[in-house]
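Residue numbers (this note's numbering): 1 to 212.
Here a beta-carbon is modelled for each residue, glycine too, at the ideal position from N, C-alpha and C.
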């Protein structure tokens, strides 16, 4: 009797074990989820940084292609050795508006690519940034039709220069102005390469933003 009475007076309350077991059972998933999240973040950062480096390399290549196209076309001129008192046989790029537009479009594309390099570096240093990547995506998308239109328009003129058009009585001038045609043909190829690189840049930026 004394022992039971002392137990009641001590005021000890039995603690149920169900809550502690349930809390212990619930704690491991939280620790596991946090570990998976922290392990995934460095992997995504490395992947985005790799995309940024690839973007920077592509922009360097596009600068070379666009400026080479503009320079080759803008310095193209050929004068035939034979001429008369009233006529001088000369071919110059600014004789055709399509070639003039070609030079302006590729020069603008090359200038934009040079200005975009610092933003591409920012995307490498801070791979999770969205503002700079979105800006590059917008301007790259605008550059694609600009360069493609210039290259396509110049390509049509080059085709006529090489083959002519018998229905319109247009003769093929490349038989005489061979140096002129070779330079403008090379410029058109370089411009199409720049347009293709712009398309790849758009895809790279879209993928990088999608992964955010």
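Same chain, Cβ closer than 6 Å to residue i, neighbours up to 5 away in sequence not counted
i	result
residue 201	58 and 140
residue 120	55, 56 and 59
residue 100	94
residue 78	91, 177, 179 and 180
residue 131	none
7 Å Cβ shell around residue i - same chain, five flanking residues per side excluded
i	result
residue 61	197
residue 222	Within the shown structure, residues of the chain are numbered from 1 to 212, placing residue 222 beyond reach of any answer.
residue 206	137
residue 199	144
residue 188	151, 154, 155 and 158
residue 129	122 and 123
residue 161	172, 173, 174 and 181
residue 98	153, 154 and 157
residue 133	123, 205, 208 and 209
residue 48	127, 128, 208 and 211
residue 115	none
residue 163	172
residue 63	110, 113 and 114
DSSP three-state assignment for residue i, whether helix, strand or coil
i	result
residue 191	helix
residue 167	coil
residue 162	helix
residue 117	helix
residue 129	coil
residue 177	coil
residue 146	helix
residue 172	coil
residue 26	Its pLDDT being 46, under 50, residue 26 is placed unreliably in this model, and the value from its coordinates should be taken loosely. Helix, per DSSP.
residue 96	coil
residue 35	Confidence is the limiting factor: at residue 35 the pLDDT is only 45, short of 50, which leaves the residue's position unreliable and the question unanswerable from this model.
Which residues DSSP lists as bridging residue i, in chain order
i	result
residue 91	78
Sequence-distant residues of the same chain with beta carbon closer than 8 Å to residue i, five excluded per side
i	result
residue 103	70, 73, 74 and 93
residue 66	106, 107, 109, 110, 113, 147, 190, 191 and 194
residue 26	Reliability fails at residue 26, whose pLDDT of 46 lies under 50, so the model's placement of it is uncertain and the value that follows must be treated cautiously. Counting only Cβ-Cβ distances below 8 Å, and skipping sequence neighbours, we find nothing.
residue 238	Here the chain comprises residues numbered 1 to 212, so residue 238 is not present and cannot be evaluated.
residue 170	160 and 164
residue 53	124
residue 33	Residue confidence is low: residue 33 scores 44 on pLDDT, short of 50, so the model does not pin down where it sits. Its coordinate-derived value is still stated next. Excluding positions up to five away in sequence, the list is empty.
Supposed contact pair residue j and residue i - C-beta distance, whole angstroms, cut 8 Å
i	j	result
residue 154	residue 184	7 Å
residue 180	residue 91	5 Å
residue 208	residue 51	5 Å
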